[in-house]
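Numbering-wise, our numbering comes out as the position in the sequence shown, counting from 1, plus 9.
Each residue gets a CB set at the ideal place from its N, CA and C atoms; glycine is no exception.
First up is the structure itself, then whatever we jot down about it.
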Amino acid sequence: MKKTKWLFWLIQGAIVVVVNPLNIEVVPAYVISHLAAEQMTPEQEVSLFNLIGYTEEGKKKWEIFGKSAVMAEQLIHLDGILAKVYGEDEGTTLRAKKGTYDEEAKKVHLEEDVVITNAEGAVLETEALDWDADADKVTSEAPVKIVRDDIIATGLGAEAHPRLKTAVLKKDVKVDVNQATEITCDGPLEVDQNKNLAIFRENVVITDKEGQIQADLVIAHFDRESQAITEVEAEGNVVIIRGDNRSFSDRLLYDHRTGKVTLLGKPKLYIIPGKDDKSEFITN
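Okay, structure coming up:
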């Protein structure tokens, strides 16, 4: 294993640890002394630490602050963690009670009360998370909750961009939209905030005050400002339930704003006369 290149700077009684993979030497005027990492003993504890990662161009990419750290070979065991992401993800923070930094792999594992917050206020919460800063990716196999405005999504396991613009919840997915619509599926759920859409897979069920839609696959389109569902596309074993009424089709297009439903692919409708159903059905 290659020797780690560290600088340990003793500053006013606290040690700041600077990761410098590109050998970019940054020496502020207030440095009192520095020690090479190989001079430090294993399991040495450091308080008030600071880790910094750089891009290939030498710009600051991420920074980790914490209350304490214990060195153990290429792993640094961390407590009281706050991480900041720079560049296009400026404003994104990661917090956790504890974790480890693998200097060789340049990956961070976070545990206990893990919270990611992006610049827009969206939040991801879990109890265990792996952060690969170079790949701009966070992953978890634990239960995960993502909150954005009035949308709350939960699931088991996740993969996301740190800024939470794109995210995948792997299974056992549940999404509440404006406390008015609930969507569940076996998973995965793929969310792309840049395109304002979410793709639900396997045993999808959408429930609101008007009734229920069931399908194998559902693509939900959201309004960028209100985050409300505007359109729904459903494919595979599509069923609509409105009171005692039922419809079956291969595909469905639903305009949430007008209530108009278009059924495609040998649709079948079972309507109970006299029932109040304001939806407009179009069959093809």
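Assigned exposure category for residue 190 - 16 Cβ within 10 Å defines buried: As a working note, residue 190 is residue 181 in the sequence shown. Buried, since its Cβ has 16 or more Cβ neighbours within 10 Å.
Exposed or buried, which one is residue 151 when buried takes at least 16 other CB atoms within 10 Å? Stepping through the sequence shown from its first residue, residue 151 is reached at position 142. Residue 151 should be labelled exposed.
On the DSSP letters alone, give me the boundaries of the beta strand (DSSP E) that residue 193 sits inside. Translated into positions along the sequence shown, residue 193 becomes position 184. 190-194 is the span of the beta strand (DSSP E), which, as asked, contains residue 193.
DSSP three-state call for residue 245: helix, strand or coil? Sequence index remark: in the sequence shown, residue 245 carries index 236 (1-based). Looking at residue 245 - three-state DSSP - the assignment turns out to be strand.
Simplified DSSP state of residue 113, which is helix, strand or coil: Walking along the sequence shown from the start, residue 113 turns up at place 104. The answer is coil: DSSP assigns residue 113 none of H, G, I, E or B.
Only counting the same chain, and skipping five residues up and downstream in sequence, which positions put a Cβ closer than 6 Å to that of residue 223? Sequence index remark: in the sequence shown, residue 223 carries index 214 (1-based). Around residue 223: 214, 248.
On the DSSP bridge list, what partners appear for residue 260? Translated into positions along the sequence shown, residue 260 becomes position 251. 244, 273, per the DSSP bridge assignment.
Over what stretch of residues does the beta strand (DSSP E) that includes residue 223 continue unbroken? Here residue 223 refers to the residue found at position 214 of the sequence shown. Taken as a continuous stretch (DSSP letters only), the beta strand (DSSP E) holding residue 223 covers 220-231.
Distance cutoff 7 Å, beta carbons only. Does residue 167 sit that close to anything in chain B? The question asks about chain B, but that chain is absent: this structure has only one protein chain.
Where does residue 131 land, buried or exposed, given buried means 16+ other C-beta within 10 angstroms? Numbered from its first residue, the sequence shown carries residue 131 at position 122. The residue in question, residue 131, is buried, as its Cβ has 16 or more Cβ neighbours within 10 Å.
Nearest neighbour of residue 166, chosen from 174, 147, 156, 129 [CA to CA]: Counted from its first residue, the sequence shown places residue 166 at position 157. Per the Cα distances, 147.
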